[in-house]
Each structure stands twice: as structure tokens, then as C-alpha cells.
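Q: This is the structure I want to talk about, given as C-alpha cells.
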Amino acid sequence: MTGRSPPRSRTSRPRCSVRKGGNLAAGPRSADKLSTVALYVVSDLHLGESTLASMFRDEDQGRRFTEVCTRVASEPDGELILLGDIFDLTAACPPHKGLTQFGVSLDVPIEDKPPRPLAAVMKSIREHNPTALDALEKLSAQAPVTLVPGNHDRHLSEGGGREALDAAGLPKVRIEPMAARRVLDKWVVLQHGHQWDPSNATPTGGGETMTAVIHHAVIPFLRHITPRLNVHIDTDRLVALRPEERVIPVLERWLRPGVFERFIDALLAILVENGALARPLAWVTTPSLLRWRLKDDDDLWERAGASALAVLEGAKSLPGKPPPPDVLVLGHTHVMDWAVQDGRPGVQRLYVNLGTWSARATDAAGPMDAAMPLLQIDADSRQLRAQMVDCSRRWRPLQRFEVDR
């Protein structure tokens, strides 16, 4: 990746020319009232299959995503960048081994199974999310759409990835390992951000294994067993809980006495079997220690922010060696962030984390909610502007950044 944007299919529309700024917070508008903008960015939608615990509800988030696609399509020079974990392919892939023993340990009919073809998974995701993906297909025929894969959809940057997108009806969605766009004299660099997270940087990382175990062992177990009397188990809530450490006390509330302890033993065993936990550590790991481990993962957003600011200061390099960014945009952490780095007098740089569109829960019983953050970057002849809005709240403004060229 050189940082120079690849040729566009519509050569009459340069990617980041001088443009007039618009008011994104006004929401979708008719084309005759729109100013020209450059980039729209969303991250971490986590579109999945119907058989899995759902983090994205097509009837809700899908309608809001359609509004975003409509807005981008009506701009004369817009581009939508999908900043990774748009498709939850990691969740669709079972752990390599240990499912059968997990099922035997807990008297649940779960067995080891091979991964399904990537194209079949993408077709299934398309069928389960028609509102969002019909809108994306329509947009990609009208304007540039670029996917920067994250850890949950890294499969699309590997062998068969292009064919899988095609099978899902998205042949015009481009795939780039990262995006670097020149706006005026500024570089906007966009990466998913999982390369800085050791547990998710590679397919064999502990976080990747945990995702597979949750969806193919834990969720089927919870759907099969009988909960405590007068307690309802909501498996969608399990994957929506933030901070993640709250998974442990919530499971204690859901499971009958004795079942929770058996479950923890079976969970540790399958993690050991798949290399996500050393066997000696499993012997001494308690629910409290497991909760502490999850809490460490919850602090990822702070570590990501510190690394991002170090990049803007020139003290740290980005994976892939893109141009030094004036605006750095990441996802992955599921926590929105917005930090301005002050350089020499009159120079400011911006770090944005786009959080997630997936549902979030904070406790064992309360309602789940989802913010739907959208970043727009535009410019005129003298100034670059970035603003973030919440599409779930009628495009309510969250943050705004302006810097002169």
C-alpha cells in the first residue's frame, strides 16, 4: 500500500477534490440540497447469520444503515469506507476441536464440525440482513465502497474472499488492507486497529478462539439448558455485554447452582484444547481470575488511544507503513474515542475510534441499546472538517474537528 488511492471505476469523480462542507447532523436530505463531501466511515457492524447470537438487528440498525447508504449515493463525490468487522465471519467459524468433549461434559448435544465454505457463510449473512445488504449493493453500483477488513472479516482479504463477496451480491465492493486518502494537504489514514491487539492480531489469537467458542459452544449450551427458576436467558445479551467482565456475574445469575461451576470447567478445557489458555493456568483459573482477564480486554480502548496518539506525535509507526496521518481513524475496540493531538503552534491532528453499531448491554436484565456512529470528512479550499454523529438519534452531532490547510 503506497497511500495513493487506486483508480476509481468512475474516472469523472476524483476521490478527494476540493469540496464544500455540508451539515451531516441534518440527516438524509434530497440531492438538490446537498453539498459535496468526501468520506463517510462506519465500523464494526457485525452482520451475522440467523443461527448465531445477534449483534446487529437488520430491522433496526439495517434501516439506519440504509439511510447512510442513501446519503452517500446522493452526494456527487462520496465514498463509503467500511472499517472492518462489518461481517462476523469469525463467529461463523467453529473452534478447531473440543466441541464434542464440551458437550459431553455438560450433557449438551454439541459435536465437532468442520468450517463451512466462506461463500456459503456470506450468502447466509446476506439472507439474514436483507435491509442493510440490499442498500449496500445498491450503493456500490452508484458510488465507491471500500472494505478494510478487520479481525472478524479478515477472511475476505484471503483466498476466496473476493469470490465470497461476489456470492453475497457485492461484486463492486472493493477490498483494501487499509485506506489512505489525501484530502487537501492532509493524510487521512483508516485501519481497523486489530493489529495492535495481540489476542486478535492473528487467526490463532486468544480473542479469535474465544469468539468461536462463545458462538459454537457457549451459546448452544445456554439455549439447551434449563435456567434458574424465574430467570430468562437471553443469548444475544451475552455477546452484547460491555464491559465484557460482566459476562461472569451474569452467567452466575442465569445458571443453576452447580451448573455454573461445571460450565467454567468445560469452558477452560475447550480453551486449553484450542491453544487459547495454557494447561497449567487452567488448573488455577477461577471465575474471579477469568473475570480479571476479561477486564484487561475491556481496557483495550485506552491502550489503542495511547498508541494512536503516539502515532500522531511521530513516536510510533502504523502497521503497513502508510503516510504519517493527520487524521487517524480506527475501530475494533467497540468504544468511541475522539482525541486531538496538539503539535507545533497552529497544528492539530485527530484520532477517532468509531466504536460499534452492534447492540450493547450493561447488566443482566436491562434493555439493550446501540449507538450507530458515522464519521464524515469533508473540505473546502482552506479547511478540512471531520464530524461524528449518532445515526440512532436522528444523526445527533457528537464531535466536530476543523483544521486549516
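If you're matching positions, the sequence shown starts at -16 in this note's numbering and goes up one per residue. Where a beta carbon is used, it is the ideal one built from N, C-alpha and C, also for glycine.
Quick one: what's got a C-beta closer than 8 Å to K106's C-beta in the same chain, skipping five residues either side?
A: A150, A151
Q: Q174 by DSSP, collapsed to three states: which one?
A: coil
Q: Measure how close the beta-carbons of R388 and L367 come, nearest whole angstrom, since I'm counting them as under 8 Å.
A: Correct: roughly 7 Å between the Cβ atoms.
Q: Hey, how far is the Cα of P181 from the Cα of L283?
A: 10 Å
Q: In chain order, what residues of the same chain lie with their CB nearer than 6 Å to the CB of S341, ignoring the 5 residues before and after it?
A: H29, M38, F39
Q: If you follow the alpha helix (DSSP H) that E191 is part of, which residue opens it and which one closes it?
A: Unbroken alpha helix (DSSP H) run through E191: 189 to 196.
Q: Using 8 Å as the threshold, is the stretch 161 to 178 in touch with the stretch 309 to 323, meaning 3 or more CB pairs across them?
A: yes
Q: Within 10 angstroms of the Cβ of V323, are there 16 or more other Cβ atoms? Answer buried if so, exposed if not.
A: exposed
Q: If we ignore side chains and look at the alpha-carbon of each, how far apart do L65 and V335 end up?
A: Whole-angstrom Cα-Cα distance: 14 Å.
Q: For a quick check, are the C-beta atoms of D173 and V24 less than 8 Å apart?
A: Here residue 173 turns out to be Leu, not Asp, going by the sequence shown. In this structure, V24 lies closer than 8 Å to L173 by Cβ.
Q: Using only CA atoms, which one of A348, R383, A347, A298 lies nearest to I360?
A: R383
Q: Sort A362, S364, A348 by Cα distance to W237 and report the nearest one.
A: A348
Q: Does at least one heavy atom of the ligand PLP sit under 7 Å from the Cβ of A75?
A: Annotation note on the ligand PLP: not contained in the displayed structure, which lists no ligands.
Q: To the nearest whole angstrom, what separates the beta carbons of A211 and A344, a pair I think is in contact under 8 Å?
A: The identity of residue 211 in the sequence shown is Arg, whereas the question assumes Ala. The pair is not a contact, with the Cβ atoms about 19 Å apart (cut-off 8 Å).
Q: With DSSP as the reference, label V24 as helix, strand or coil.
A: Residue state, collapsed to three classes: strand.
Q: Which runs of the alpha helix (DSSP H) fall wholly inside the stretch 100 to 183 and span at least 4 residues, in chain order?
A: 101 to 111, 113 to 123, 144 to 150
Q: Taking only the alpha-carbon atoms, compute the straight-line gap between K16 and R225 and give it to the nearest angstrom.
A: In this predicted model, K16 has a pLDDT of only 34, less than 50, meaning its place in the structure is not dependable enough to derive any value.
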